[in-house]
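Participant: Here you go, one structure.
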Amino acid sequence: MKYAIKQLIKVQSIQYLLQPIAFALGGLTANTNYDINIVAKDYVGNTSVSTTYHASTDAPLAGPARWQTGTQIKGSPFVDATSWPTPPIDQWSNDSGVKGYFLGFVTAALASKSIGHTSKNTTEVKACWGGSLNIYDGNNGESYNGDVTVSDYYKSYINNIRAKGGDVILSFGGVSNKPIEGPITDIKKIVDIYLKTINNYKLTAIDFDFEGGF
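Listed below in structure tokens is the structure:
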């Protein structure tokens, strides 16, 4: 300690001796403006007050999603809606009484897209059921567009579930393939995909399964 004090006395006239440090302020209220002063104190008790820093906290984040009003959901298992044979969750719901399901997985798929009237093509990333541009329903024998922003795949099962007071949540991610955030770095495009998916399937919530490619 004595050595440290001698060193401080020896160099106390040198400016900018201290290195910048980062620190966090806790206990702040969301969506609030603050005036912040930093008080420095030396080893003999002298104090020095900084200029005033103006800062503000962001609005609070949205809380966890809730099942839509009117549903009677007590449990919600995960179902791989892309598995074979195609899972008839509406029938399972009738048999078991389970009214809520997480359906997955939605992952990235690469689609070839022509450029104007030229013969050249470019690659477009889409969010698809199981990472497939096309998906087949083994129960009705129909093939569907796999792009969840426009697809009608699995809607009949979902509608039957909702008609009896249930609901579903679509799950993005999973252990296989890659999430759309891998090949897409434009935040606006990512948000647009999520919004279009929510509107297409009339979702009240989406799920993110962080494993594999995430």
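Residues 1 to 214 in full-length UniProt numbering are what the sequence shown lists, from first letter to last.
A virtual CB, placed ideally from N, CA and C, is assigned to each residue, including glycine.
Alpha carbon to alpha carbon, how far is Arg162 from Gly100? Give it in angstroms, no decimals.
Facilitator: Here residue 100 refers to the residue found at position 100 when the sequence shown is read from its first residue. Here residue 162 refers to the residue found at position 162 when the sequence shown is read from its first residue. Distance from the CA atom of Gly100 to the CA atom of Arg162, rounded to whole angstroms, is 9 Å.
Participant: Given that a residue counts as buried once 16 or more other Cβ atoms are within 10 Å of its Cβ, and exposed if not, what is Phe208?
Facilitator: Translated into positions along the sequence shown, residue 208 becomes position 208. Under this definition Phe208 is an exposed residue.
Participant: Closest to Gly173 by CA distance: which of Val106, Ile73 and Leu61 is it?
Facilitator: As a position in the sequence shown, residue 173 is number 173, starting the count at 1. Comparing Cα-Cα distances from Gly173 to each of Val106, Ile73 and Leu61, the minimum goes to Val106.
Participant: Tell me whether Asp90 is buried or exposed, calling it buried when 16 or more other Cβ atoms sit within 10 Å of its Cβ.
Facilitator: Here the question's residue 90 lines up with position 90 in the sequence shown. Its Cβ being crowded by 16 or more others within 10 Å, Asp90 is buried.
Participant: Do Ser171 and Ile206 have their CB atoms nearer than 9 Å?
Facilitator: As a first step, residue 171 is located in the sequence shown; it is residue number 171 there, counting from the start. As a first step, residue 206 is located in the sequence shown; it is residue number 206 there, counting from the start. In this structure, Ile206 lies closer than 9 Å to Ser171 by Cβ.
Participant: What does the alpha-carbon distance come out to for the pair residue 216 and Val39?
Facilitator: Limits of the chain in this structure are 1 at one end and 214 at the other, which puts residue 216 out of reach.
Participant: What three-state label does DSSP hand Ile206 in the structure shown?
Facilitator: Locating residue 206 in the sequence shown gives position 206, counting from the first residue. Looking at Ile206 - three-state DSSP - the assignment turns out to be strand.
Participant: Whole beta strand (DSSP E) runs in the segment 162-209 with 3 or more residues, listed along the chain?
Facilitator: If only uninterrupted beta strand (DSSP E) runs of at least 3 residues are considered, those enclosed by the segment 162-209 are 167-173 and 206-209.
Participant: For Ser56, which three-state DSSP category applies?
Facilitator: Locating residue 56 in the sequence shown gives position 56, counting from the first residue. The answer is strand: DSSP assigns Ser56 an E or B state.
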